[in-house]
Amino acid sequence: MTVLTREQYHKFEQPEMLRPAHTKSLPSGPKLWLLFIIASLTFVAVMILAGGVFANLAPFISAFDSVRDEPPPHTEYARMARYLVHKAEWVSMGSLSIVPAIQGFPMVNIISVADSARGEKSTGVLYFYLTMLDYTAQDLSKDNRLTVMISMDQDLACTKQGVDPMEPTCGRLMISGSAIKIDPSSDEFAFGQAAMYSRHPAAKKWIDTDGHNFFLCKLNIVQIAVLDFYGGPHYVTLEDYMAADPDKQPAVDDSSERSVPARFSTVVSRTTTEVPFYS
Numbered sequence: 001m002t003v004l005t006r007e008q009y010h011k012f013e014q015p016e017m018l019r020p021a022h023t024k025s026l027p028s029g030p031k032l033w034l035l036f037i038i039a040s041l042t043f044v045a046v047m048i049l050a051g052g053v054f055a056n057l058a059p060f061i062s063a064f065d066s067v068r069d070e071p072p073p074h075t076e077y078a079r080m081a082r083y084l085v086h087k088a089e090w091v092s093m094g095s096l097s098i099v100p101a102i103q104g105f106p107m108v109n110i111i112s113v114a115d116s117a118r119g120e121k122s123t124g125v126l127y128f129y130l131t132m133l134d135y136t137a138q139d140l141s142k143d144n145r146l147t148v149m150i151s152m153d154q155d156l157a158c159t160k161q162g163v164d165p166m167e168p169t170c171g172r173l174m175i176s177g178s179a180i181k182i183d184p185s186s187d188e189f190a191f192g193q194a195a196m197y198s199r200h201p202a203a204k205k206w207i208d209t210d211g212h213n214f215f216l217c218k219l220n221i222v223q224i225a226v227l228d229f230y231g232g233p234h235y236v237t238l239e240d241y242m243a244a245d246p247d248k249q250p251a252v253d254d255s256s257e258r259s260v261p262a263r264f265s266t267v268v269s270r271t272t273t274e275v276p277f278y279s
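Next up, the structure:
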């Protein structure tokens with residue numbers, strides 16, 4: 001039997017895995033503790049700084065949270081109506097046509113509206129400009145009855161949530177009444193004009209354009225119908241509508257009763273300074 005010498009045997013041994021010269025060894029002992037302490041102090045400092053920043057931003061966060069664009073519960077019909085009116089930048093306005101070929105037929109148009117200046121509290125009163133160059137004003141000069149419709153999907157709020165605009169859960173509002181031209185010398189005119197200029201900067205250009213003769217109107221409400229869930233529309237009294245505040249949470253009410261006006265109400269809105277619709 002052949003016996004290998006020690007030198008021959010070493011040729012068959014696994015060579016030692018040497019650490020590359022450029023690789024540093026991990027810290028241990030006191031160095032490791034020092035790194036741990038530095039990391040801990042850094043974390044605490046970052047958390048304190050973040051807490052201070054949040055404390056400074058808290059008022060702004062609260063203010064933003066208070067004006068979030070969230071609709072009221074679907075069972076609060078008056079608040080829902082006020083919410084939709086305040087949110088609306090425009091409405092679909094229906095009138096009775098005087099065009100000979102379709103005289104007496106319903107006609108519809110897009111009309112820019114405002115119930116307050118942008119960022120101000122809701123008033124519930126829809127102000128809008130008309131011109132006799134437009135067929136809606138021509139129709140209303142003969143019969144100033146109208147109906148406007150406002151959809152919650154005006155800003156695609158329903159569509160973005162996968163809700164079709166025709167679904168009852170996509171809230172809509174139908175307000176019927178009459179168009180009233182506001183006296184240019186009244187305080188209400190100044191308020192309505194400021195509201196329109198705030199929401200629709202282009203309106204100032206309409207007024208300043210020669211020959212267009214825009215005039216400020218408001219909707220004198222007769223009936224309010226809200227459809228915001230399955231089961232058909234709900235009718236809101238003018239008193240409940242004007243009393244509702246879309247910006248506040250309502251007090252808890254244990255009563256299941258609610259006031260429902262007649263389908264064709266004869267209630268009219270508050271008195272105002274009015275002039276003939278067109279003169």
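The sequence shown begins at 1 in UniProt numbering and counts up one residue at a time.
Backbone N, C-alpha and C fix where the C-beta goes; we use that ideal spot for every residue, glycine too.
Residue environment analysis places Met47 among the exposed positions, since fewer than 16 neighbouring C-beta atoms fall within 10 angstroms of its C-beta. Under the three-state reduction of DSSP, Thr42 is assigned to helix. Going by beta carbons, Leu146 and Gly104 fall outside the 8 Å limit. When secondary structure is reduced to three states using DSSP, His74 falls in the coil class, being assigned neither helix nor strand. In this structure Ser40 is exposed. Its beta-carbon is surrounded by fewer than 16 other beta-carbon atoms within 10 angstroms. Runs of the alpha helix (DSSP H) lying entirely within the segment 162–226, each at least 4 residues long, are 187–199, 202–208 in chain order. Between the segment 95–110 and the segment 69–81 there are fewer than three inter-stretch CB-CB distances shorter than 8 Å, so the stretches are not counted as touching.
Following the DSSP letters along the chain, one finds Met93 inside the beta strand (DSSP E) bounded by residues 90–96.
Three or more Cβ pairs closer than 8 Å define a contact, and the segment 227–235 falls short of that threshold against the segment 181–196. In this model, Lys205 and His212 are separated by some 10 Å (Cα to Cα).
Beta bridge pairing from DSSP links Val108 with Gly94.
Ile175 places its beta carbon less than 8 Å from that of Val148. Fully enclosed alpha helix (DSSP H) runs of no fewer than 4 residues occupy 135–142 of the segment 122–155, in order along the chain. For Tyr235, no alpha helix (DSSP H) segment is defined; the enclosing uninterrupted segment is the beta strand (DSSP E) at 234–236.
Assignment of Ala114 by DSSP, reduced to helix, strand and coil, places it in the strand class. Note on Ala137: 16 or more other CB atoms within 10 angstroms of its CB, so buried under the neighbour-count rule.
By the 16-neighbour rule on beta-carbons within 10 angstroms, Phe128 is buried. By the neighbour-count criterion, in which a residue is buried when 16 or more other Cβ atoms sit within 10 angstroms of its Cβ, Gln161 is exposed. Check the Cα spacing between Cys170 and each of Lys218, Gln154, Asp139: the tightest is with Gln154.
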